[in-house]
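Peer 1: Numbering (the numbering used here), first residue to last: -9 to 60. All C-beta atoms in this analysis are idealised placements derived from N, C-alpha and C, irrespective of residue type, glycine included. Quick caveat, the model's predicted, so the values are computed rather than measured. What follows is a structure written as structure tokens; I'll ask about it next.
Structure below.
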């Protein structure tokens, strides 16, 4: 994490949780678009399911730590 003097640790954790949750939502949208593609041969190479799960788990951990740091 970036150590800024004017931002507390719990604020940094809230921002990290929000950012990771947004990343999980974007990964879910990308996986949905991949499943509904017209050309079945154009699969793609990004593992959106893994990104979605890991970022959601990270956001839950950051949220729990932010609530504990309060």
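Flag this pair as touching only if the region 2 to 14 and the region 24 to 34 have three or more C-beta atom pairs under 8 angstroms; answer yes or no.
Peer 2: Contact between the region 2 to 14 and the region 24 to 34 is absent, because fewer than three Cβ pairs lie under 8 angstroms.
Peer 1: If you follow the alpha helix (DSSP H) that residue 0 is part of, which residue opens it and which one closes it?
Peer 2: -1 to 25 is the extent of the alpha helix (DSSP H) around residue 0.
Peer 1: Give me the Cα-Cα distance between residue 29 and residue 40, rounded to the nearest whole angstrom.
Peer 2: Residue 29 and residue 40: Cα-Cα distance of roughly 23 angstroms.
Peer 1: Mark residue 57 as exposed unless 16 or more other C-beta atoms lie within 10 angstroms of its C-beta, in which case mark it buried.
Peer 2: Classification of residue 57: exposed, given that the 10 Å Cβ count is below 16.
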